[in-house]
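**Student:**
There are 2 protein chains.
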Amino acid sequence: MSDRIVSAAVVVIGNEILSGRTADRNLPFLATRLNELGIQLREARVVPDLEDEIVRAVNETRARHDYVFTTGGIGPTHDDITGDAIAKAFAVGIDYHAEAVAILKAHYANTGAELNTARLRMARVPAGAELIDNPVSKAPGYQIGNVFVLAGVPAIMQAMFESLKHKLVGGLPVRSLAIAAYLAEGAIAKGLGELAGRHPEVDLGSYPFYRQGRFGTSIVGRSTDPDRLAAAAAELRQLMRDLGAEPLEESTNSPG
Amino acid sequence: MSDRIVSAAVVVIGNEILSGRTADRNLPFLATRLNELGIQLREARVVPDLEDEIVRAVNETRARHDYVFTTGGIGPTHDDITGDAIAKAFAVGIDYHAEAVAILKAHYANTGAELNTARLRMARVPAGAELIDNPVSKAPGYQIGNVFVLAGVPAIMQAMFESLKHKLVGGLPVRSLAIAAYLAEGAIAKGLGELAGRHPEVDLGSYPFYRQGRFGTSIVGRSTDPDRLAAAAAELRQLMRDLGAEPLEESTNSPG
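The listed protein sequences correspond, in order, to chains X and S. Remember, this note's numbering sits 623 above the position in the first sequence when you count from 1. Remember, this note's numbering sits 623 above the position in the second sequence when you count from 1.
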């Protein structure tokens, strides 16, 4: 564990997300799992299947964050151009990777399907990259520099993430705490703003809701300092009571 | 209607998306609705509640696209900083907007709740912006230049979008067509790649699926030219039959 903030970005690659055909499910998964590992997701981008757009997003994000995760575009079809774009972003070549070829050969020998030229494309890997195991459908992901190149299909992406997570070094774990009350956001805003001013080490987010015919607000506190988080939470509960509402504990999470 | 490609970007503002607490629902809605209006969503970004990050994302995207839509951060609490960030991005001031103040006064007079300082913050609007009606909860969104600033709560964002859509000028509508077959992606990849090479005006995406115990692939064709789309689709159906599978029509959409 590192004693500083460790940050990450996600680059979602795929026309199907931007056309509205498919709703992305990888971002919520990665956001949650990274946070559990003490890595703060600070940025996400969705880009189309265009090489220049992928190169640009990968190069901008890998310069700004400790880790970058891409999803999508590593299958066997003509629109799977992530590998070439990653090679271009790192200014390295891309070629058939002996270990990846062996994995695909063994897999297709097992299934009886033909390892044709299109399928073999999935063994093309940028020079210097290290494979990431794909226990679901075998065609591997890979890591190059601080960039992890993963599949777009959620079940495969999730399995690849579990295969690679031992390589990630988390920073200070972020504790979070959610407290709700049946108070309109506009009623608690002033006191909450003052409270946030007194606790700069605690990130306080405010999320209005409407449940069972009543307006309410969930306040989420996040901090790497559990004592300061607890102190802010105590003040928050008191603020809610002062405004005539009972604080409702929603959830606590203490990853680490 | 414009006779060129009209492009858009979405900037989702909110720590809650990046922490995994909330799954974004605005991007799929905007992607679908914009496409229906002949506007191609070409990029999306998720940024945290940090002024510099919002300024950067808004300025980069508004220079690259015809329209930009932001969601989130326009409520009454201390973490709602979108207005100030937008003003900074456009290098203009931000102040109470007379019409917005009047809307909020009328609304809170109706509901009986107090129009306090925090709620009045929702009437702060960057100089030169034009209000966007919010039929759900009244506090307005606004347009400044080619940027539309919308709420983060999906029901409110969607209502605001319907209020503003008459201001958007779409380009050539994109027709799309999805044809599936019980063929593995790797089996159709070669023929599909050749087909894509013969039809550069048709964007062909390939999406594997697993249904009722069988692997299959959906091919989505998108084009502004209906004749070329139809020609590519006819070849695609023939390709599927040549590979021994029956083409299954999934959906056609002809916005415009």
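Glycine is no exception: its CB is placed at the ideal position from the N, C-alpha and C atoms. In this text, all values refer to a predicted model and were calculated from it rather than measured experimentally.
Please check if any C-beta of chain S sits within less than 9 Å of the C-beta of X/V843.
**Tutor:** Yes, its Cβ sits closer than 9 Å to a Cβ of chain S.
**Student:** Of all Cβ atoms in chain X, is any one closer than 9 Å to the Cβ of S/S846?
**Tutor:** For S/S846, the answer is no, since every Cβ of chain X falls outside 9 Å of its Cβ.
**Student:** Check the Cβ-Cβ distances between S/G643 and every residue of chain X, and say whether any is below 9 Å.
**Tutor:** Under the 9 Å criterion on CB atoms, S/G643 is classed as interfacial with respect to chain X.
**Student:** Between X/S642 and S/R845, how many whole angstroms is the CB-CB distance? I'm expecting something under 8 Å.
**Tutor:** Going by Cβ atoms, the distance from X/S642 to S/R845 rounds to 7 Å, so yes, they are a contact pair.
**Student:** Please state whether the Cβ-Cβ distance between S/E737 and X/A810 is less than 9 Å.
**Tutor:** yes
**Student:** At the 9 Å Cβ level, is X/P699 part of the contact set with chain S, yes or no?
**Tutor:** yes
**Student:** Might you give, ordered along the chain, the residues of its own chain that have their beta carbon closer than 8 Å to the beta carbon of X/R627, omitting 5 neighbours on each side?
**Tutor:** Leaving aside the five residues that flank X/R627 on each side, the residues in its chain whose CB is nearer than 8 Å to its CB run, in chain order, G794 and L795.
**Student:** Alpha carbon to alpha carbon, how far is X/A752 from S/H701? Give it in angstroms, no decimals.
**Tutor:** 44 Å
**Student:** Run through DSSP, which three-state label would X/D826 get?
**Tutor:** Strand, per DSSP.
**Student:** Rounded to whole angstroms, what's the CA-CA distance from X/V748 to S/A632? Just pull it up for me.
**Tutor:** 31 Å
**Student:** For chain X, check one thing: does any of its Cβ atoms lie closer than 9 Å to the Cβ of S/Q781?
**Tutor:** no
**Student:** Under 8 Å Cβ-Cβ, which residues of chain S neighbour X/V770?
**Tutor:** Correct list: empty, because the minimum Cβ distance to chain S is about 18 Å.
**Student:** Could you tell me which chain X residues have their CB closer than 7 Å to the CB of S/T740, listed as they occur along the chain?
**Tutor:** K813
**Student:** Candidates X/L827, X/A774 and X/F713: which alpha carbon is nearest X/G768's?
**Tutor:** X/F713
**Student:** At which residue ranges does the segment 735-768 of chain S contain complete beta strand (DSSP E) runs of 3 or more residues, listed in the order of the chain?
**Tutor:** 747-749, 753-755 and 764-767
**Student:** Check whether the Cβ atoms of X/T705 and X/G695 sit closer than 9 Å, and answer yes or no.
**Tutor:** yes
**Student:** Around the Cβ of S/T847, are there at least 16 other Cβ atoms within 10 angstroms (buried) or fewer (exposed)?
**Tutor:** buried
**Student:** Can you find at least 3 beta carbon pairs, one from the segment 776-794 of chain X and one from the segment 652-663 of chain X, that sit closer than 8 Å?
**Tutor:** The answer is yes - the segment 652-663 of chain X touches the segment 776-794 of chain X, with three or more Cβ pairs under 8 Å.
**Student:** With 9 Å set as the bound, which would you pick, yes or no: does the beta-carbon of S/V670 sit closer than that to a beta-carbon of chain X?
**Tutor:** yes
**Student:** Of all the CB atoms in chain C, is at least one closer than 9 Å to the CB of X/N638?
**Tutor:** The structure shown has no chain C; the protein chains it does contain are X and S.
**Student:** Spatial neighbours of S/P878 within its chain, please: CB distance less than 6 Å, with the 5 preceding and 5 following residues excluded, ordered by chain position.
**Tutor:** In this prediction, S/P878 scores a pLDDT of 45, lower than 50, which makes its location untrustworthy; the coordinate-derived value is nonetheless stated afterwards. Within the same chain, S/P878 has close Cβ partners E659 and P796.
**Student:** If you check the beta carbons only, do S/A741 and S/P699 fall under 9 Å apart?
**Tutor:** For S/A741 and S/P699, yes; Cβs fall inside 9 Å.
**Student:** Along the chain, where does the alpha helix (DSSP H) containing X/S841 start, and where does it finish?
**Tutor:** Careful: X/S841 lies outside any alpha helix (DSSP H), inside the beta strand (DSSP E) at R837 to S846.
**Student:** Could you check where the beta strand (DSSP E) with X/A803 kicks off and where it finishes?
**Tutor:** R798 to A804
**Student:** Please report the Cβ distance between S/Y690 and S/F771, rounded to the nearest whole angstrom; I am assuming they are in contact, meaning their Cβ atoms lie under 8 Å.
**Tutor:** 7 Å
**Student:** Residues in the same chain with beta-carbon distance under 7 Å from X/R860, minus the five sequence neighbours each way, listed in chain order, please.
**Tutor:** Sequence-distant Cβ neighbours of X/R860 in its own chain, meaning closer than 7 Å and more than five residues away, are I802 and P870.
**Student:** Residues in the same chain with beta-carbon distance under 6 Å from S/A746, minus the five sequence neighbours each way, listed in chain order, please.
**Tutor:** Y719, H720, A723, V724 and L727
**Student:** Going along the chain, which residues of its own chain have a beta-carbon closer than 7 Å to the beta-carbon of S/T655, five neighbours each way excluded?
**Tutor:** Here the set comprises nothing.
**Student:** Does the beta carbon of X/L800 come closer than 9 Å to any beta carbon on chain S?
**Tutor:** no
**Student:** Grab the span of the beta strand (DSSP E) containing X/L664 for me, first residue to last.
**Tutor:** I662 to V670
**Student:** Within a Cβ cutoff of 6 Å, which residues of the same chain sit near X/P671, ignoring the five residues on either side of it in sequence?
**Tutor:** N638 and L641
**Student:** With H, G and I counted as helix, E and B as strand and the rest as coil, what does DSSP make of X/T694?
**Tutor:** Reduced to three states, the DSSP call for X/T694 is strand.
**Student:** Answer with buried or exposed for X/S625, where buried requires no fewer than 16 other C-beta atoms within 10 angstroms of its C-beta.
**Tutor:** Its Cβ having fewer than 16 others within 10 Å, X/S625 is exposed.
**Student:** Does DSSP put X/I628 in a helix, a strand or coil?
**Tutor:** coil
**Student:** Select from S/D703, S/A762, S/G820 and S/L754 the residue whose C-alpha is nearest the C-alpha of S/L731.
**Tutor:** With the sequence shown as reference, residue 731 of chain S is identified as Tyr, and Leu is not the correct amino acid for it. When the alpha-carbon of S/Y731 is set against those of S/D703, S/A762, S/G820 and S/L754, the nearest one is in S/A762.
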